[in-house]
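Protein chains in written order, with my numbering: chain A, 12 to 294; chain B, -17 to 610.
Each residue gets a CB set at the ideal place from its N, CA and C atoms; glycine is no exception.
The block underneath contains the structure these notes are about, expressed in C-alpha cells.
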C-alpha cells in the first residue's frame, strides 16, 4: 500500500485549513520582531488603554502593547510545543522500536513504564515540578518531553510488531541485512506517518499544557506567553479590558490547537484505509 | 574383445593441431553392445572412422582387437579387417551407394573383396541377407535411386553383414529416418545383431537406449561418463549427461525440455582442463586447469530404485578432494543423487540385459559428478497455537543437487512455505539441521553466514509485499548488493542492469524510477526475481512464484524462471500447490502433507506411478482442460 500522505492532506478541506493556519502561526512566530509594532517589554502608552489605531488591542496594566505581546506569545508557544513534541516523539520512537524488536525483558520494561506513566496525572505533575524548578522555557520543554512520550511509544511498539513480520523485512534480512540497516532503511521510514500523527498530537497537548501552566502562573513572569497574558488579564475581568486583553490570547490558543487538530485528523484519515475510502466516495 | 587405450586423434589445421579425440579409453566385450552418445561435434564419427582405420588425422594410443594392435596394421591388412571382422554402417546412407550399379552388386562387393571369385556364393548370400533385412529378392536388381531412405538403410545393413563381421559399428544408423521407419529399423537391428558385438554411435538417445547395454557419453573428444544404459539415463551423474538427458524429448517425460547452456566448443578451441567446464554449473578452478581422471564406481544390480546417502557421501568426499588431482579410485556407489528427468524405454534390450548391464560406472569429473548443494536433515518446526503447538514441519529430510529443480507440492497448510523458509535459511528449524555445501547453516560464523546469504536466495510468496513500497525499482534491485557491500556505484549499476535484462524488464531511467505500485503483478514478480538474482545465488527457493498471476503471465514467469535456472545454473526449489506446474518444472517432486514429505521421486515416475493415495488424489485434482 503506497499513500502519498502530503497529497491526502492537501486534498482534504480540513487539512488544508489546518495547514494554512499553521503556516500563518509559523510566519507570525518567525517574523514577530518585524510584525510587532512595539517592543512588548517596553511601556509605550498609558496602562489599560482601549484599542486605538496606534494600539490595535490597547495596552495592559503596565502599558505594554497587547498586540505585540500576542505576536511574541506565538513564538513561545510554538517553540515550547514543537521542541517538546520533537523530543517526546524521539523518545517514543527509540523505546517503541526497542520494545518491538527486542522481545522479552526490554519489551516488558518499556511497556510497564508506559503503563505507570499513563496513570500519572500529567498536568498535575507538570505543575508541581515546574513550580519547584523555577519554570522557564527550557524547563517546560524538558518536562513535556519526559511526560508526553508514553502513548506514542505504545502505538509505535504495536506497529513495529506487525511491521517486522512483513515480507520486505524478511527479504532484506535474507539478503544479509543487520538490525541497524533494517531499522534505518526499512522500519523508520515505514513509521513516518505514524510519527507525524504522534508529533502533531503532542504539539496539541503541549500548547494546551503550556498555556495552562502559564495561566496558573507557573511560568517565567517576564516571558511573553498567551497563558501568562490570560493569567494577568484574569484580574481585570471586571473592567472592559477583558475584551481586548483576555479574549485574543484565549482565541489564539484555541486556534493553534484547532489548527494542529485539523492536520492531525486529516493525516489520520489518510492513514486509515476505511476512512480514506469514505472520503473518496464523497468526491 | 576390443580395447581402446588412450586413443588420441589430432587433425592439423591453420590454427595448429586440433584434438578430435583426447585419450579415449573404452572396452567392448564379445557380444556386448556399447552406445556412444554426444552432441554433434563431440568426435563420435571420428572415433568410428579411427576404429575402421579410416581416420585422416594423426592417431596415437592403441586399439587392440582380439589382442591384435590395429594401429600397427598396414593399409593392406586394414582392408581385410574392414571387409572381414569389422563392418560399419555409416550415417547419411543415401550417399553410400552408387547409383550406377544395381543394389545386389553393391551388397555383394565386400564379400567378393574378401573371397575373390566366389560370385555364386556371394549372390546367394546377398539375396539371403536382403530377405533377412526385410527387402526381398526383387531388390537385388533394383537401383538405389528407386529406393526410400529406410530401404537404403536396410540394404546398407545387409551390406555390412555379408562378411559375417565379429563386430559391427553403427554410426547414426537411424538418424535421418522418420519415426515409424526408425522403429522398424531399430527392431531389425536388435534382431539381426543379437549375437554380434556392436558399437552404436548416435546423438539420438532413444537409439542408444534401445540397442546398447552400456553407454558412454562423449564430449569434445573425451569420455565423461560411462555406465549401464538404464542407469545412465535414469540416474546420470555427470552434469553433462544429465543435461543431455534433460534436452531430449520423450512422450512420457513430463518435464519441460531444456537446452544445454552455452555452445559445444569448436574443435579448434577446446577448453583446457575438463572440456565441459565453461558450460558446467559447478566448475571449480581445478576444472579449468586439470583434466579430470576417470573414477570407477560399482553399480550393483539391486540398487536401481533405492535411495541412500552413500552416494552423497562419496560426492562429498570427492568435493573435499577436488583440490587434489585424484588418481583413479574405486568408490562403491549405491544410488546416484542425480535429479532425473525423462523416461527412456531402456527395456528395449529385453532379456539380454545381463551380464553387461551392470558393472562399472566411469565418471570423469573433478567433483565426483553432480554435487549436493543443500541438505535438510530431520527438520522440525512448530508454532504455538491455542495453548498447544501446530506442528508445521515434522521431521523432513530433503536434499537438493547442483543445477536441479525440486518441486515441493502440497495443499495450503501442509508446511511447504515453512520448510522453504528453513531451507533458504530465513528461519531456523526447532530441530534438525540444514547443510549448505556440507556446512550447517545455523552454526556459521557471521562472515560465512553473510556469504551463505549471498548464495541462498528466496523468492517470497507475495512479491508485492516483499518489495518495500518506499523504494523504486533501482533501489530495490541494488539493495542486496548494498547490504552485501559488493562492488562500487558503477559495477552495481551494471549488475542491476544485467539482472533486469535477465528477467526481461526494461532498463531505462523511467522504469528504474518507478515504484512498486506502478508495476503490474508480473512485473513485480520479475523485479523480485531480479533482486534475488543480482547476487548470483547458487540456490533459489521460489515460494509460489506464480500463484497470484493469471495463466498467461504465470506461463511467462515460470518459463523465465526455468530458463534462468538453466542459463545461470542455480538449483531451484519450487514451492507450489499445482502438481501440473510442479511436474512441468521439476526434475524431482516431493509431495508434502501435514508437515511430512510423503512421497518423493523423479517427476515422470511420480506422475505416472504415484505410490501414495494422497499423491493420487492430487493428481486427480490437477488442472485439466478436459471437459466431460
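Note down, in chain order, every chain A residue with its Cβ under 8 angstroms from the Cβ of residue i.
{"i": "residue 444(B)", "result": "178"}
{"i": "residue 408(B)", "result": "181, 184, 185"}
{"i": "residue 447(B)", "result": "177, 178, 179"}
{"i": "residue 435(B)", "result": "185, 186, 187"}
Please report the straight-line C-alpha distance between residue i and residue j, rounded to a whole angstrom.
{"i": "residue 146(A)", "j": "residue 404(B)", "result": "58 angstroms"}
{"i": "residue 187(B)", "j": "residue 214(B)", "result": "11 angstroms"}
{"i": "residue 114(A)", "j": "residue 563(B)", "result": "41 angstroms"}
{"i": "residue 302(A)", "j": "residue 141(A)", "result": "This structure leaves residue 302(A) out entirely; chain A is present only between 12 and 294."}
{"i": "residue 387(B)", "j": "residue 608(B)", "result": "28 angstroms"}
{"i": "residue 25(B)", "j": "residue 194(A)", "result": "60 angstroms"}
{"i": "residue 51(B)", "j": "residue 12(B)", "result": "17 angstroms"}
{"i": "residue 96(B)", "j": "residue 60(B)", "result": "12 angstroms"}
{"i": "residue 130(B)", "j": "residue 119(B)", "result": "16 angstroms"}
{"i": "residue 84(A)", "j": "residue 52(A)", "result": "12 angstroms"}
{"i": "residue 56(A)", "j": "residue 230(A)", "result": "25 angstroms"}
{"i": "residue 224(A)", "j": "residue 91(A)", "result": "12 angstroms"}
{"i": "residue 391(B)", "j": "residue 374(B)", "result": "15 angstroms"}
{"i": "residue 598(B)", "j": "residue 560(B)", "result": "13 angstroms"}
{"i": "residue 265(A)", "j": "residue 164(A)", "result": "27 angstroms"}
{"i": "residue 128(A)", "j": "residue 457(B)", "result": "41 angstroms"}
{"i": "residue 22(B)", "j": "residue 141(B)", "result": "26 angstroms"}
{"i": "residue 258(B)", "j": "residue 221(B)", "result": "9 angstroms"}
Just tell me which of the options has its CA closest to the CA of residue i.
{"i": "residue 46(B)", "options": "38(B), 34(B), 409(B)", "result": "34(B)"}
{"i": "residue 154(A)", "options": "169(A), 165(A), 170(A), 134(A)", "result": "134(A)"}
{"i": "residue 166(B)", "options": "115(B), 216(B), 120(B), 151(B)", "result": "115(B)"}
{"i": "residue 40(A)", "options": "236(A), 258(A), 273(A)", "result": "236(A)"}
{"i": "residue 514(B)", "options": "96(A), 169(A), 186(A), 65(A)", "result": "186(A)"}
{"i": "residue -7(B)", "options": "203(B), 523(B), 557(B)", "result": "203(B)"}
{"i": "residue 379(B)", "options": "69(B), 345(B), 415(B), 370(B)", "result": "415(B)"}
{"i": "residue 522(B)", "options": "529(B), 530(B), 512(B)", "result": "512(B)"}
{"i": "residue 133(B)", "options": "520(B), 459(B), 89(B), 272(B)", "result": "89(B)"}
{"i": "residue 7(B)", "options": "207(B), 129(B), 152(B)", "result": "207(B)"}
{"i": "residue 528(B)", "options": "504(B), 547(B), 518(B), 173(B)", "result": "504(B)"}
{"i": "residue 661(B)", "options": "158(B), 19(B), 601(B)", "result": "Nothing can be reported for residue 661(B), as the shown portion of chain B is limited to -17 through 610."}
{"i": "residue 95(A)", "options": "54(A), 120(A), 215(A)", "result": "215(A)"}
{"i": "residue 89(A)", "options": "274(A), 267(A), 112(A), 44(A)", "result": "267(A)"}
{"i": "residue 446(B)", "options": "18(A), 171(A), 112(A), 182(A)", "result": "182(A)"}
DSSP puts residue i in a beta bridge; with which residues?
{"i": "residue 17(B)", "result": "182(B), 197(B)"}
{"i": "residue 1(B)", "result": "-8(B)"}
{"i": "residue 128(A)", "result": "Its beta-bridge partners do not exist; DSSP assigns none."}
{"i": "residue 62(B)", "result": "Answer by DSSP bridge pairing: none, since residue 62(B) is not bridged."}
{"i": "residue 383(B)", "result": "354(B)"}
{"i": "residue 361(B)", "result": "378(B)"}
{"i": "residue 78(B)", "result": "Per DSSP, none; premise fails for residue 78(B)."}
{"i": "residue 558(B)", "result": "391(B)"}
{"i": "residue 525(B)", "result": "557(B)"}
I want to verify the contact list: residues of chain B whose CB lies under 9 angstroms from the CB of residue i, in sequence order.
{"i": "residue 192(A)", "result": "464, 465"}
{"i": "residue 66(A)", "result": "Going along chain B, no residue has its Cβ under 9 angstroms from residue 66(A), so there is no contact; the nearest lies around 52 angstroms."}
By Cβ distance below 8 angstroms, which residues in the same chain neighbour residue i in space, the five residues on each side in sequence not counted?
{"i": "residue 81(B)", "result": "125, 126, 127"}
{"i": "residue 486(B)", "result": "508, 542"}
{"i": "residue 499(B)", "result": "451"}
{"i": "residue 58(A)", "result": "70, 71, 72, 73, 74"}
{"i": "residue 16(B)", "result": "8, 10, 180, 181, 182, 194, 195, 196, 197, 198"}
Just to confirm my understanding: we take residue i, look at its own chain, exclude 5 residues before and 5 after, and list those with CB closer than 7 angstroms. What are they?
{"i": "residue 93(B)", "result": "104, 107, 144, 145"}
{"i": "residue 305(B)", "result": "Its pLDDT being 37, under 50, residue 305(B) is placed unreliably by the model, and nothing is read from it."}
{"i": "residue 376(B)", "result": "362, 577, 578"}
Spatial neighbours of residue i within its chain, please: CB distance less than 6 angstroms, with the 5 preceding and 5 following residues excluded, ordered by chain position.
{"i": "residue 334(B)", "result": "Reliability of the predicted coordinates at residue 334(B) is poor, the pLDDT of 40 falling under 50, and no value is obtained from them."}
{"i": "residue 585(B)", "result": "236, 237, 565, 568, 571"}
{"i": "residue 548(B)", "result": "240, 243"}
{"i": "residue 256(B)", "result": "269, 274"}
Show which residues of chain B have a CB atom less than 7 angstroms away from the CB atom of residue i.
{"i": "residue 200(A)", "result": "452"}
{"i": "residue 197(A)", "result": "450"}
Below 8 angstroms on C-beta distance, what does residue i contact in chain B?
{"i": "residue 254(A)", "result": "None at all; the shortest Cβ gap to chain B is about 52 angstroms."}
{"i": "residue 188(A)", "result": "465"}
Residues of chain A with CB under 7 angstroms from residue i, in chain order?
{"i": "residue 526(B)", "result": "Going along chain A, no residue has its Cβ under 7 angstroms from residue 526(B), so there is no contact; the nearest lies around 12 angstroms."}
Note down, in chain order, every chain A residue with its Cβ under 9 angstroms from the Cβ of residue i.
{"i": "residue 461(B)", "result": "182, 183, 186, 188, 196"}
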